[in-house]
Amino acid sequence: MTISLRYDEKIAVLDLGDDENRFSPAFLDDVNAHLDDIEASGAHALVTTAAGKFYTNGLDLDWLGAHPEQTQWYVSRVQDLLARVLVLPMPSAAAIVGHAFGAGAMLAVAHDFRVMRADRGFFCFPEADINIPFTPGMAALIQAKLTPQAAVASMTTGRRFGGADAADIGIVDATAGEGAVTSAAVELLRPLGSKDRGTLGAIKQTMFGTAAQTLRSLADG
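Residue 21 in our numbering is what sits at position 6 of the sequence shown, and the numbering runs on without skipping anything.
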């Protein structure tokens, strides 16, 4: 799995890899380093995508199983990334080219917009079926971005949403065919041009600051 970054004019396109793209500590380090580069580059917008069957499968449960004593540290790092994307001072879109499960689906939700492949792949919060309750921060993130109807339907059922179902309930903004998801996400952001980062960052803090603070509060617990 190799995370890579390219630019389509002023739009940064961050490819999360061609594997399950689980959130190992090394993965989190790499994504944050790329986000540092993107913010320093003067990019106008961010698209995250992937190259395989998964957008991302979320938490690295194998790593967690091997390091149970570091659970709070690990989850706080995941939530810090979610908070960072949530209030990123530029327009953002997740190109959900394949499966997005658990914390991987939360990463997609943290973006401003989502485009999902129409014919293949699932968006799913499996927590109700795998007996892992949402943390307060994760619940705050999802409830800040989805309607109450969509939040209940996705958080309490473990339902796997295909692209059309996810669009119908408002989890994603658009769908696209195979090979067109990333370009559709880029084109969704292109008309937004260059927004003043200070202004956009302040707007997002006003909109989502409470959820971001709740996500980041785990490190203080």
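All C-beta atoms, glycine included, are put in the ideal place defined by N, C-alpha and C.
Predicted, not measured: the structure shown is a model, and the values here were computed from it.
Limits of the beta strand (DSSP E) - the one that residue i falls within
i, result
"Ser-19", "19-23"
"Leu-29", "26-30"
"Leu-61", "60-64"
Residue environment, residue i, which counts as buried when at least 16 other CB atoms sit within 10 Å
i, result
"Ala-41", "exposed"
"Tyr-22", "exposed"
"Ala-27", "buried"
"Glu-142", "buried"
"Val-130", "buried"
"Gly-117", "buried"
"Asn-72", "buried"
"Thr-150", "buried"
"Asn-146", "exposed"
"Val-167", "exposed"
"His-59", "buried"
"Gly-236", "Annotation note: pLDDT 49 at Gly-236 (below 50); position unreliable, coordinate value reported separately. Its Cβ having fewer than 16 others within 10 Å, Gly-236 is exposed."
Contacts around residue i, its chain only, beta-carbon distance under 6 Å, and the 5 residues preceding and following it disregarded
i, result
"Gly-136", "Gly-113 and His-114"
"Thr-197", "Thr-64 and Ala-110"
"Arg-37", "Asn-72 and Asp-75"
N- and C-terminal bounds of the alpha helix (DSSP H) containing residue i
i, result
"Phe-42", "40-56"
"Val-102", "Where Val-102 is concerned, there is no enclosing alpha helix (DSSP H), given that its DSSP letter is neither H nor E."
"Arg-231", "212-231"
"Ala-195", "That residue, Ala-195, is in no alpha helix (DSSP H); it is neither H nor E in DSSP."
Presumed contact (8 Å Cβ cut-off) between residue i and residue j, rounded CB distance
i, j, result
"Phe-128", "Asp-188", "5 Å"
"Leu-161", "Gly-185", "7 Å"
"Ala-200", "Arg-132", "Actually they are not in contact, since the Cβ atoms of Ala-200 and Arg-132 sit about 11 Å apart, beyond 8 Å."
"Glu-193", "Asp-144", "Not confirmed; about 28 Å, so no contact."
7 Å Cβ shell around residue i - same chain, five flanking residues per side excluded
i, result
"Leu-215", "Pro-104 and Met-105"
"Thr-86", "Leu-79"
"Leu-204", "Ile-26, Ala-60, Val-62, Pro-106 and Ala-108"
Same chain, Cβ closer than 8 Å to residue i, five either side skipped, listed in chain order
i, result
"Gly-152", "Gln-94, Leu-97, Ala-98, Ala-226, Thr-229, Leu-230, Arg-231, Ser-232 and Leu-233"
"Ala-179", "Ala-133 and Thr-190"
Tell me the start and end of each unbroken beta strand (DSSP E) in the stretch 105-193 that is at least 3 residues and wholly inside, in chain order. 107-111, 114-116, 128-132 and 189-191
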